[in-house]
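Going by this note's numbering, the sequence shown runs without a break in its numbering and finishes at 480.
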Amino acid sequence: MSGTVVVGMQWGDEGKGKITDFLSRDADIVTRYQGGDNAGHTIKENGQTYHLRTIPSGILRANKTCVLGNGIVLNPKSLVAEITRLHEAGVSIDNLVISDRAHIILPYHIALDQAQENYRHDNKIGTTNRGIGPAYTDKAERSGIRMVDLLDKDVFAKKLTINLKFKNELLTKIYHQDALDYDTIFSEFFEYGQQLKKYVVDSSELLNHAIEDGKNLLFEGAQGIMLDLDHGTYPYVTSSNPAGGVSVGAGIGPQAINHVVGVAKAYTSRVGDGPFPTEQTNEIGDYLRDAGHEYGVVTKRPRRIGWLDAVVLNHSRKVAGVTELCLNSIDVLTGLETIKICVAYELHGQRIDYYPASLKDIADCTPIYEEFPGWQEDITHAQNLIDLPENAQRYVQRISELVKLPLATFSVGPDREQTIVLKDVWKQSVLNGHI
Ligand code: IMP
46 MSGTVVVGMQ
56 WGDEGKGKIT
66 DFLSRDADIV
76 TRYQGGDNAG
86 HTIKENGQTY
96 HLRTIPSGIL
106 RANKTCVLGN
116 GIVLNPKSLV
126 AEITRLHEAG
136 VSIDNLVISD
146 RAHIILPYHI
156 ALDQAQENYR
166 HDNKIGTTNR
176 GIGPAYTDKA
186 ERSGIRMVDL
196 LDKDVFAKKL
206 TINLKFKNEL
216 LTKIYHQDAL
226 DYDTIFSEFF
236 EYGQQLKKYV
246 VDSSELLNHA
256 IEDGKNLLFE
266 GAQGIMLDLD
276 HGTYPYVTSS
286 NPAGGVSVGA
296 GIGPQAINHV
306 VGVAKAYTSR
316 VGDGPFPTEQ
326 TNEIGDYLRD
336 AGHEYGVVTK
346 RPRRIGWLDA
356 VVLNHSRKVA
366 GVTELCLNSI
376 DVLTGLETIK
386 ICVAYELHGQ
396 RIDYYPASLK
406 DIADCTPIYE
416 EFPGWQEDIT
426 HAQNLIDLPE
436 NAQRYVQRIS
446 ELVKLPLATF
456 SVGPDREQTI
466 VLKDVWKQSV
476 LNGHI
């Protein structure tokens with residue numbers, strides 16, 4: 046039995062989908078354990094592009110069970126639409142499994158997400174407006190509606206009546222929005238529940254049986270560790286735990302995990318508001334945004350861009366227990382004269398190498414950079430580290446050293462053959478192949 050988790054080490058959009066898809070080849074089960082349809086994975090396969098929101102990317106491989114664990118928040122409407130799109134593209138959904146304990150996102154969560162963001166004005170979080178925060182709020186506040194509740198007409202009716210009464214008070218009296226209609230929500234969402242019913246099981250039972258049977262389990266973290274509710278740049282975070290959420294969100298013990306694969310880009314990007322010490326709001330940022338096509342999959346927003354931050358990566362390594370590094374998008378840096386890595390911060394005259402909890406302190410941090418000469422050569426055909434120009438090799442090796450992690454893969458472009466695998470995480474052997 047092997048349990049491997051894939052997590053993003055920055056603020057999301059590190060290219061986890063491709064790595065998860067690759068690792069899913071040797072996995073029996075692929076599980077999402079947190080987040081909802083705020084995530085967006087794009088996968089290119091046989092000339093076709095798939096945009097996945099909630100369903101794990103393992104769905105594109107036949108015979109893989111794909112689990113939506115109890116720790117996710119699930120929007121039945123968008124999940125039914127995603128299933129329909131995949132069906133139309135000829136992808137089988139027969140192996141999808143949904144936890145009966147997963148909480149569902151309803152229209153009032155989305156309405157409240159938008160209303161709260163407007164209400165926050167200058168302090169807005171920059172959410173994806175998918176109702177994620179309000180759905181997790183209800184879960185913690187113990188008024189949430191779970192998949193198992195949605196399937197029971199009486200329970201759903203009762204819970205929806207109670208919840209909607211309060212949410213409509215909030216929407217109309219505090220946020221001055223229109224009230225939502227009970228009958229419309231009930232009939233629409235009960236029907237989605239009926240369509241999803243065949244996928245719903247106790248997924249923790251399923252995963253624990255698989256562990257007993259010695260299966261390979263892959264866990265797909267959504268977002269990135271700097272967006273983790275506990276370990277990210279709070280409050281500019283999402284409302285779940287990509288870092289350590291796997292055990293709680295899948296219903297398995299922590300001893301089931303042997304590897305935590307951390308995915309990072311060779312620079313940094315972020316969508317939404319919040320601190321970003323190495324941000325480049327200048328021609329370097331513009332250059333990298335264009336070269337890396339850095340626009341949100343879900344929101345289409347232009348992403349904020351900055352230099353690689355080793356303080357961030359070390360923070361993520363520690364709080365998530367990352368064991369190996371997948372470094373993506375090295376090619377995006379081609380053409381720059383000088384490339385920088387932030388190796389520490391200066392805070393109030395002192396050098397620090399940890400990520401402060403206080404937003405005020407982060408705002409006062411000045412990055413301390415190491416500078417590297419860039420490269421001009423096209424690296425998009427590299428098949429191994431030694432194919433990279435010396436300056437690129439030095440840059441990559443320094444990252445691995447600074448972050449204290451061995452490199453499992455690196456990528457020089459978006460296509461499968463442009464991600465080079467150096468180490469087989471499942472078998473722990475050294476490879477020289479590509480995804
Ligand atoms: P929420 O998850 O929609 O509540 O958004 C909270 C923060 O997380 C915002 O800054 C979003 O932009 C960010 N976020 C949520 N999901 C993703 C993602 O998949 N990639 C990158 N950022 C994300």
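Just so it is clear, CB atoms sit at the ideal spot from N, CA and C, and this is done for glycine as well.
All values derive from a computational prediction rather than experimental measurement.
So does residue i have its beta carbon nearer than 6 Å to some heavy atom of the ligand IMP?
{"i": "residue 156", "result": "no"}
{"i": "residue 307", "result": "no"}
{"i": "residue 349", "result": "no"}
{"i": "residue 91", "result": "no"}
{"i": "residue 177", "result": "yes"}
{"i": "residue 84", "result": "yes"}
{"i": "residue 316", "result": "yes"}
{"i": "residue 110", "result": "no"}
{"i": "residue 57", "result": "yes"}
{"i": "residue 171", "result": "yes"}
{"i": "residue 283", "result": "yes"}
Please list, in chain order, all residues of the same chain as residue i whose beta carbon is under 8 Å from its beta carbon, the five residues on each side excluded.
{"i": "residue 190", "result": "148, 149, 151, 183, 201, 204, 205, 208"}
{"i": "residue 235", "result": "195, 198, 201"}
{"i": "residue 337", "result": "310, 312, 314, 350, 374, 377"}
{"i": "residue 223", "result": "216, 217"}
So, at 6 Å on beta carbons, what are the nonlocal neighbours of residue i in its own chain, with the 5 sequence-adjacent residues on each side left out?
{"i": "residue 304", "result": "49, 368, 470"}
{"i": "residue 296", "result": "115, 249"}
{"i": "residue 346", "result": "316"}
{"i": "residue 88", "result": "62, 66, 95, 102"}
{"i": "residue 230", "result": "152"}
{"i": "residue 76", "result": "112, 114, 264, 295"}
{"i": "residue 256", "result": "46, 301"}
My output table needs one value for residue i: the three-state DSSP class, helix, strand or coil.
{"i": "residue 62", "result": "helix"}
{"i": "residue 235", "result": "helix"}
{"i": "residue 314", "result": "strand"}
{"i": "residue 380", "result": "coil"}
{"i": "residue 210", "result": "helix"}
{"i": "residue 220", "result": "coil"}
{"i": "residue 253", "result": "helix"}
{"i": "residue 279", "result": "coil"}
{"i": "residue 322", "result": "coil"}
{"i": "residue 83", "result": "coil"}
{"i": "residue 127", "result": "helix"}
{"i": "residue 72", "result": "coil"}
{"i": "residue 93", "result": "strand"}
{"i": "residue 104", "result": "helix"}
If I'm right that residue i touches residue j with Cβ under 8 Å, what's the distance once you round it to whole angstroms?
{"i": "residue 287", "j": "residue 79", "result": "6 Å"}
{"i": "residue 111", "j": "residue 100", "result": "6 Å"}
{"i": "residue 64", "j": "residue 454", "result": "7 Å"}
{"i": "residue 316", "j": "residue 348", "result": "5 Å"}
{"i": "residue 81", "j": "residue 120", "result": "6 Å"}
{"i": "residue 113", "j": "residue 90", "result": "Their Cβ separation, rounded to whole angstroms, is 21 Å, which puts residue 113 and residue 90 out of contact at 8 Å."}
{"i": "residue 413", "j": "residue 387", "result": "7 Å"}
{"i": "residue 74", "j": "residue 252", "result": "7 Å"}
Here's a check: name, in chain order, each residue in its chain whose Cβ is nearer than 7 Å to the Cβ of residue i, leaving out the five neighbours to either side.
{"i": "residue 215", "result": "157"}
{"i": "residue 458", "result": "376, 425"}
Let me make sure I understand the geometry here. Which of the options has the alpha-carbon closest to that of residue i?
{"i": "residue 308", "options": "359, 433, 145, 175", "result": "359"}
{"i": "residue 181", "options": "161, 241, 283", "result": "283"}
{"i": "residue 331", "options": "322, 352, 269", "result": "352"}
{"i": "residue 362", "options": "261, 263, 227, 446", "result": "446"}
{"i": "residue 212", "options": "170, 266, 160, 247", "result": "160"}
{"i": "residue 422", "options": "382, 461, 52", "result": "382"}
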